[in-house]
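Engineer:
Protein chains: 2
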Amino acid sequence: MPEQRTEIASLGEFGLIGRLSEAFENTRPDSITGIGDDAAVIDLEAEYGLLSTDLLLEGVHFDLTFVPLKHLGYKSIAVNISDIAAMNGVPGQVTVSLAVSNRFSVEAVEELYAGIKAACADFRVDLVGGDLSSSRSGLLISVSVFGKVAKDKIVYRNTGRPNDLLCVTGDLGGAYLGLQILEREKQVFLANPGMQPQLEGHDYVIQRQLKPEARMDVIFELEEAGVVPTAMLDVSDGLASDLLHLCSQSSVGALVFEENLPIDEQTYLAATELNLSPITAALNGGEDYELLFTIRQDDYDKVKNNPKISVIGYLTDQAAGAKLATKGGNHIPITAQGWNHF
Amino acid sequence: MPEQRTEIASLGEFGLIGRLSEAFENTRPDSITGIGDDAAVIDLEAEYGLLSTDLLLEGVHFDLTFVPLKHLGYKSIAVNISDIAAMNGVPGQVTVSLAVSNRFSVEAVEELYAGIKAACADFRVDLVGGDLSSSRSGLLISVSVFGKVAKDKIVYRNTGRPNDLLCVTGDLGGAYLGLQILEREKQVFLANPGMQPQLEGHDYVIQRQLKPEARMDVIFELEEAGVVPTAMLDVSDGLASDLLHLCSQSSVGALVFEENLPIDEQTYLAATELNLSPITAALNGGEDYELLFTIRQDDYDKVKNNPKISVIGYLTDQAAGAKLATKGGNHIPITAQGWNHF
């Protein structure tokens, strides 16, 4: 081990990725992008290939006391598909590597794979390989996905321009509040195992947490409508954090209107019950796996009647920064409170 | 959790993979193969894409008391490249997902990435993405690799035919004996921390264990010599286990000549010191990451003078089974004693 010791927590996830990435640069003509977008881009001559990967660890990313294995399997695929969607691509193949401790039976692993299979069917991808290993500490899932996109249809996150309209799919904050509800009921259960969980009226936000969907439906609808976003990424860390990535990589600012943030009724309800701000959940909750994208103003008519898409603001000059226009008329800076597992 | 409980150990790794795979079949025209070969094959029109993935877990696949982080980083890439080599392909891009506990410093992670970088340079691949997470139990590395191969040059493991010559690259058993030497010295050290490790004369086998190479060199030499193997896979679980995969998937038998098994002098030396059979190490040791392949008899002249290639036998009819012709003239069945982590 080297002598100097810098704690990983002092850099955080993005800081460490940045530091490690510095040492690497692409050397191959078919490596179109390196580290830094939702998926890596590989030149296949006729089109681009897309490669992305995600890791899910028990105790860090999920808690099996309230996450059913089948849902977990589904989610492990969906969150990877979401990265391909975020490049405006179509996923084709996935690999799944699994490490399991002897706490898990064959039947438990089969439950997990039933969820993986359901996701493969929903998103029309094939499971083509993987790895299987024992683990000394619970369950671990590593999924990689390969997809393709036409060269003139690929969408990066660094190509937004001032005055582009800022759009988001679905609604925000639900997955975070679903998790808070599940955590609350877990604590109640731990304190008093005889109590029934109080999940009534929270089915939507709980589903948002347990079984997120990748928005391939919107990708296909944009294609049909003849819209190629100018920039796009998926909302995994929270709208604020992901918008700041878009702004920083595109060298732009943004103005988001609080009143335009799409928030489901159940998200408001759960927020009220938990004494949390629904706006904070929408901005910083994370795990929504919706798409955040920008379009040219000329394309507004092509999306305005799509109920799955909300126009929440527009891009501005970089100097203006990323701001939230509140209902009260104030412009306040958007700051990332995203996830830091370290 | 489902009610029935079958222990994973009762099926083993390959048994569980078989059981899980049954539920999946490819649905896409561009998914050329599914689970079952070294890498998945994806149709890119002009050529084939290859996708493979491997998981390395601390305490299961490596022991950091004697594995330097830099070597581990190198090995994590090399073992994935080996899967692409085994399809006669050329690797292009890798993704690395890492989970680390707070036991590790930024500097330690940088050591690991220095090894990853060295392997990327040696094998001419680009690191294009990945994931980074905290872990509650040590270090975990998941690598995926993407490569390409001309459609008429791809080599599967199910296409060997009787009378094809059976070839192996490099030498066998070294990685296993290197591990045994390192394990022995670890025990000595634990019993008496003042003792110096006795590694003299074992540098080659230790290197075989700590820093295996993917045999891309041989892939390029076969290409130059105009040889396309009839079947190929890499020797990761041990010659016996991997040969049985080739035989079963190609529906053939094999006859291997003990006297033709390539075994390094240091492997003999370590085996003698440890009172182990060098032949058993060569057959069942695993982790050599050499290539096991078959060629048409007509191609013999093109490989016979290549010092990196040993012809160790030939394929026979399936009914004859896989046999070892011993120096004493006996034909004994080859059985897999490969790895089972469960």
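For the protein sequence lines, the chains are A and B, in the order given. Residues in the first sequence are numbered consecutively from 1, following the UniProt record's numbering. Residues in the second sequence are numbered consecutively from 1, following the UniProt record's numbering. Every residue, glycine too, gets a C-beta built ideally from N, C-alpha and C.
#1: Can you list, in chain order, the stretches of the alpha helix (DSSP H) that have 4 or more residues and sit fully within the stretch 69-151 of chain B?
#2: Nearest chain A C-beta to residue 263(B) closer than 8 Å, yes or no?
#3: With a CB to CB cut of under 6 Å and the five nearest residues on each side skipped, what residues in its chain are close to residue 130(B)?
#4: So with Cβ pairs under 8 Å, would you call residue 146(B) a contact of chain A?
#5: Going residue by residue through the UniProt domain "PurM-like C-terminal" (162-318) of chain A, where are the continuous beta strand (DSSP E) segments of at least 3 residues, counting only ones entirely within it?
#6: Can you tell me whether DSSP reads residue 336(A) as helix, strand or coil?
#7: Of the choices 114(B), 9(B), 184(B), whose alpha-carbon is the least far from that of residue 197(B)?
#8: Could you pull out every residue in the same chain whose Cβ sits closer than 7 Å to the Cβ of residue 113(B), ignoring the five residues on either side in sequence?
#9: Could you tell me which of 193(B), 257(B), 151(B), 284(B) sits nearest to residue 65(B), measuring between CA atoms?
#10: Is residue 13(A) buried or exposed, if buried means 16 or more other CB atoms sit within 10 Å of its CB?
#11: For residue 160(A) and residue 39(A), what's the separation of their Cα atoms in angstroms?
#12: Thinking C-alpha only, which one of 88(A), 155(A), 26(A) is nearest residue 231(A)?
#13: Which residues, in chain order, does the stretch 105-117 of chain B contribute to contact with chain A at a C-beta distance below 8 Å?
#14: Could you name the residues of chain B that residue 266(A) contacts, counting a contact when the two beta carbons are closer than 9 Å?
#15: Apart from the five residues on each side of it in sequence, which residues of its chain come closer than 6 Å, Cβ to Cβ, to residue 83(A)?
#16: Taking a contact to mean a Cβ-Cβ separation below 8 Å, would you say residue 41(A) touches residue 153(A) in this structure?
#17: Hey, residue 366(B) and residue 120(B): beta-carbon distance below 8 Å or not?
#18: Give a yes or no on contact between the stretch 133-147 of chain B and the stretch 234-243 of chain B, applying the rule of three or more CB pairs nearer than 8 Å.
#19: Tell me whether residue 332(A) is buried or exposed, calling it buried when 16 or more other Cβ atoms sit within 10 Å of its Cβ.
#20: Check whether the Cβ atoms of residue 167(B) and residue 293(B) lie closer than 8 Å to each other.
#21: Could you tell me the alpha carbon to alpha carbon distance between residue 249(B) and residue 7(B), rounded to whole angstroms?
#22: What do you get for residue 335(A), buried or exposed, if any count of 16 or more other CB atoms within 10 angstroms of its CB means buried?
#23: What is the rounded straight-line gap between the Cα of residue 79(B) and the Cα of residue 213(B)?
#24: Determine the closest residue to residue 326(A) out of 279(A), 320(A), 300(A), 305(A), with distance taken between C-alpha atoms.
#25: Taking 8 Å as the cut-off, decide whether the C-beta atoms of residue 239(A) and residue 172(A) are in contact.
#26: May I ask you to check if the CB of residue 310(B) is nearer than 7 Å to at least one heavy atom of the ligand ATP?
#27: Going by CA-CA distance only, name the one from 19(A), 302(A), 288(A), 57(A) that's closest to residue 179(A).
#28: With a threshold of 16 other CB atoms inside 10 Å of the CB of residue 217(A), please say whether the residue is buried or exposed.
#29: Quick check on the burial criterion: 16 or more other C-beta atoms within 10 angstroms. Buried or exposed for residue 267(A)?
#30: Among 283(A), 134(A), 177(A), 30(A), which residue has its Cα nearest to the Cα of residue 106(A)?
#31: Quick check on DSSP: helix, strand or coil for residue 8(B)?
#32: If you count every other CB in all the chains shown that lies within 10 Å of the CB of residue 75(B), and 16 or more means buried, which is it?
#33: Looking only at its chain, what residues have a beta carbon closer than 8 Å to the beta carbon of residue 308(A), apart from the 5 residues adjacent to it on each side?
#34: Residues in the same chain with beta-carbon distance under 8 Å from residue 102(B), minus the five sequence neighbours each way, listed in chain order, please.
#35: Residue 317(B): buried (16+ other C-beta within 10 angstroms of its C-beta) or exposed?
#36: Check for me: the beta strand (DSSP E) holding residue 52(A) runs from which residue to which?
Structural biologist: Working from what's here:
#1: 69-85, 106-122
#2: Numbered from 1 along the second sequence, position 263 holds the residue referred to as residue 263(B). So, not an interface residue.
#3: Here the question's residue 130(B) lines up with position 130 in the second sequence. Same-chain partners within the cutoff: 95, 96, 97.
#4: Taking the first residue of the second sequence as 1, we reach residue 146(B) at position 146. Yes, residue 146(B) counts as interfacial toward chain A.
#5: 165-169, 231-235, 252-257, 290-295, 309-317
#6: Position 336 of the first sequence, counted from the first residue, corresponds to residue 336(A). Residue 336(A) falls in the coil class under three-state DSSP.
#7: Mapped onto the second sequence, residue 197(B) falls at position 197. Comparing Cα positions, the closest option is 184(B).
#8: If you number the second sequence from 1, residue 113(B) lands on position 113. Closer than 7 Å at the Cβ level, and outside the excluded window around residue 113(B), lie 73.
#9: The sequence position of residue 65(B) within the second sequence is 65, counting from 1. Residue 65(B) has its Cα closest to that of 193(B), out of 193(B), 257(B), 151(B), 284(B).
#10: Residue 13(A) sits at position 13 when you count from the first residue of the first sequence. Under this definition residue 13(A) is a buried residue.
#11: Within the first sequence, the letter at position 160 stands for residue 160(A). Within the first sequence, the letter at position 39 stands for residue 39(A). Near 17 Å, if we compare the C-alpha coordinates of residue 39(A) and residue 160(A).
#12: Translated into positions along the first sequence, residue 231(A) becomes position 231. When only C-alpha atoms are compared, the closest one is 155(A).
#13: 105, 106, 107, 108, 109, 110, 111, 113, 114, 117
#14: Translated into the one-based positions of the first sequence, residue 266(A) becomes position 266. By Cβ distance, chain B contributes nothing, its closest Cβ being about 28 Å from residue 266(A), past 9 Å.
#15: Working through the first sequence from its first residue, we reach residue 83(A) at position 83. If we look at residue 83(A) and ignore the five residues flanking it on each side, its Cβ neighbours are 38, 39, 52.
#16: Here residue 41(A) corresponds to residue number 41 of the first sequence, with the count starting at 1. Here residue 153(A) corresponds to residue number 153 of the first sequence, with the count starting at 1. Not in contact: residue 41(A) and residue 153(A) (Cβ atoms no closer than 8 Å).
#17: In the structure as shown, chain B starts at 1 and stops at 342, and residue 366(B) therefore has no counterpart that could be examined.
#18: no
#19: Stepping through the first sequence from its first residue, residue 332(A) is reached at position 332. Counting Cβ neighbours within 10 Å, residue 332(A) comes out exposed, since fewer than 16 surround it.
#20: Counted from its first residue, the second sequence places residue 167(B) at position 167. Counted from its first residue, the second sequence places residue 293(B) at position 293. Cβ distance < 8 Å, so residue 167(B) and residue 293(B) count as in contact.
#21: By 1-based counting over the second sequence, the position of residue 249(B) is 249. By 1-based counting over the second sequence, the position of residue 7(B) is 7. Taking the straight line joining both Cα atoms gives about 27 Å.
#22: Taking the first residue of the first sequence as 1, we reach residue 335(A) at position 335. It counts as exposed.
#23: As a working mapping, residue 79(B) is identified with position 79 in the second sequence. As a working mapping, residue 213(B) is identified with position 213 in the second sequence. Cα-Cα distance, rounded: 8 Å.
#24: Taking the first residue of the first sequence as position 1, residue 326(A) is located at position 326. The residue with the shortest Cα to Cα distance from residue 326(A) is 279(A).
#25: Against the first sequence, residue 239(A) aligns to sequence position 239. Against the first sequence, residue 172(A) aligns to sequence position 172. In this structure, residue 172(A) lies closer than 8 Å to residue 239(A) by Cβ.
#26: Summarising the ligand content, the structure contains no ligands, and the ligand ATP is consequently not present.
#27: Reading the first sequence from its first residue, position 179 is the one you call residue 179(A). It is 288(A) whose Cα lies nearest to the Cα of residue 179(A).
#28: Stepping through the first sequence from its first residue, residue 217(A) is reached at position 217. So residue 217(A) ends up on the exposed side.
#29: The count along the first sequence starts at 1 and reaches residue 267(A) at position 267. Buried, since its Cβ has 16 or more Cβ neighbours within 10 Å.
#30: Here residue 106(A) is taken as the residue at index 106 of the first sequence, counted from 1. Closest by alpha carbon: 134(A).
#31: In the second sequence, counting from the first residue as 1, residue 8(B) sits at position 8. Residue state, collapsed to three classes: helix.
#32: Taking the second sequence and counting its residues from 1, one reaches residue 75(B) at position 75. Under this definition residue 75(B) is a buried residue.
#33: If you number the first sequence from 1, residue 308(A) lands on position 308. Only 169, 170, 215, 217, 218, 221 meet the Cβ criterion.
#34: Here the question's residue 102(B) lines up with position 102 in the second sequence. Cβ neighbours of residue 102(B) beyond the five flanking positions: 134.
#35: The count along the second sequence starts at 1 and reaches residue 317(B) at position 317. Flag for residue 317(B) reads exposed.
#36: Taking the first residue of the first sequence as position 1, residue 52(A) is located at position 52. 48-57 is the extent of the beta strand (DSSP E) around residue 52(A).
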